[in-house]
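These notes concern the structure reproduced below.
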Amino acid sequence: MPHLDLSNDLSMYYEMFTSRPDNPWILLIHPLLTEISVVRSFTEQSEIKENFNCILFELRLHGRTKSNVIATMDRFTLAADLAFAMQKLHLPPVHVISAQANVSEVALALAAIFPERVSSLFLCGLAPDVYPESTLSAFNDCFQCVANPTDPEHWEEGMLDLHFFCFHQDTNVSREDEIRVIDEWTSIVRKRYSPSKTGKFTSIAMLELGRQATPQSFRDCITQPVLVCHGAESPVFPLEAASDRFATYDKLDPRSRFEAIPGAPLTLFPLYTKFLAEKFTDWILPIIESTPKLNEKQEIIEIDYEKSLKRLYEICKDPTILKRDPTNSSSFYALDELSLTQRKMGLEHAFQVEKTSFCFMDENDPEWWSDETVKTQSTKIPWKFSTRFEHS
1 MPHLDLSNDL SMYYEMFTSR PDNPWILLIH PLLTEISVVR SFTEQSEIKE NFNCILFELR
61 LHGRTKSNVI ATMDRFTLAA DLAFAMQKLH LPPVHVISAQ ANVSEVALAL AAIFPERVSS
121 LFLCGLAPDV YPESTLSAFN DCFQCVANPT DPEHWEEGML DLHFFCFHQD TNVSREDEIR
181 VIDEWTSIVR KRYSPSKTGK FTSIAMLELG RQATPQSFRD CITQPVLVCH GAESPVFPLE
241 AASDRFATYD KLDPRSRFEA IPGAPLTLFP LYTKFLAEKF TDWILPIIES TPKLNEKQEI
301 IEIDYEKSLK RLYEICKDPT ILKRDPTNSS SFYALDELSL TQRKMGLEHA FQVEKTSFCF
361 MDENDPEWWS DETVKTQSTK IPWKFSTRFE HS
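Now the structure itself:
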């Protein structure tokens, strides 16, 4: 399996889909708590295959990527991982697609700190900059159920809440298809981020629970064309809040726009894959055609990592940023001292919880990509959230 070694403690798994050498490139970012398989079907759409090459990475603490839990991981760290990985593969600037609101933050950070790597942004969902207290309280309750449950039933309560946040009120797809996607998503979370592995889950959850307001200096860094498609039925991240946040990015390319998807929930991949591929190509192909530097074969630009780290300093105004190693993607984080202390305490607690948490019976079975899986597939019935009572 292809991996890129970025440091001693980070080896990123990736998949590359090429059509023609001179086609522009897409970087497709999978949602948090999932993997490449959730978004791979996007690369198979005819509009994408004909017009683009695609690169997909599995983020830190996700899928086949090998990494350790670090307290400093935030959206800028994940963005830096992607920038460093693309540089190592000698890729030209890319059109970045975030598959859910939670990784739209990573895409925006990538465009702000490494603008030479980003030609455009297509954001499939946009959360409020800072969550209202009611939303944050609901997320905290859900987090406690999933990260530190008293028993499997308590964990299931948390998963039902996550389903509500991500998939609720989809009026465009069949219930059967919706259940299939929820089952696939829940199986990934159950296996990789179970209570016995709550350190990893906590580290990822902190990306959402520890959100901080982005300063205007950050928003002013985003000048590329941006298309946002937001599910109009999301009860957690309402359309108006997403639209209001988009309006605060007033330095965007004038061809940027915000669109609502009637009847759609927060999570659009993979059930809206065909629709999103058409929406993206209808928007970006005329932009590429009318923009000489995008229409020509893209040059491979070397990243000036010191300059990128300085951009982060100019946003955060934290002088300690300039003392970090610019050649390590783990140096790119924007957490202040208080936030970092809180994260360290949260992770210490999570690792203590792991020691006494229960394990699901099959959570340590071989992964689906492992050769060992083939030996057990014919004898075991895969666990599904929707049929969990039938096999209990």
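Residue numbers 1 to 392, in the UniProt record's numbering, belong to the letters of the sequence shown in order.
Where is the CB? At the ideal position from N, CA and C, for every residue including glycine.
- Taking C-beta atoms as the reference points, R343 and M206 count as a pair closer than 8 Å.
- Residue range 337–356 is occupied by the alpha helix (DSSP H) that includes M345.
- One alpha carbon belongs to V189, the other to P326, and they sit about 33 Å apart.
- Separation of A109 and D253 (C-alpha to C-alpha, rounded to the nearest whole angstrom) is 17 Å.
- When DSSP states are grouped into helix, strand and coil, M86 belongs to the helix group.
- S194 carries a coil assignment under DSSP once its states are collapsed to helix, strand and coil.
- When only Cα atoms are considered, E133 and N23 end up about 45 Å apart.
- Under the 8 Å Cβ criterion, the stretch 135–148 does not count as touching the stretch 246–262, having fewer than three qualifying pairs.
- Within 10 angstroms of the beta-carbon of D81 lie 16 or more other beta-carbons, which makes it buried.
- Here Q224 is buried, its C-beta having at least 16 other C-beta atoms within 10 Å.
- Apart from sequence neighbours up to five positions away, the residues of its chain that approach I301 with a beta-carbon distance below 6 Å are E116, ordered along the chain.
- Contact fails between the stretch 168–180 and the stretch 71–81, because fewer than three Cβ pairs, one in each stretch, are under 8 Å apart.
- Of the residues K191, L136, I321, I70, the one whose Cα lies closest to the Cα of Q212 is L136.
- Of all alpha-carbon atoms in A71, I261, D5, V236, the one lying nearest the alpha-carbon of H168 is that of V236.
- Just measuring C-alpha positions, the residue of A242, T281, S11 sitting nearest H62 is S11.
- Between E58 and the set I70, L4, F42, E47, the nearest pair of CA atoms involves L4.
- CA-to-CA, the gap between E105 and F122 works out to about 12 Å.
- Of the candidates K49, H349, R257, R64, the residue whose Cα lies closest to the Cα of S370 is R64.
- V226 and L285 have their C-alpha atoms some 13 Å from each other.
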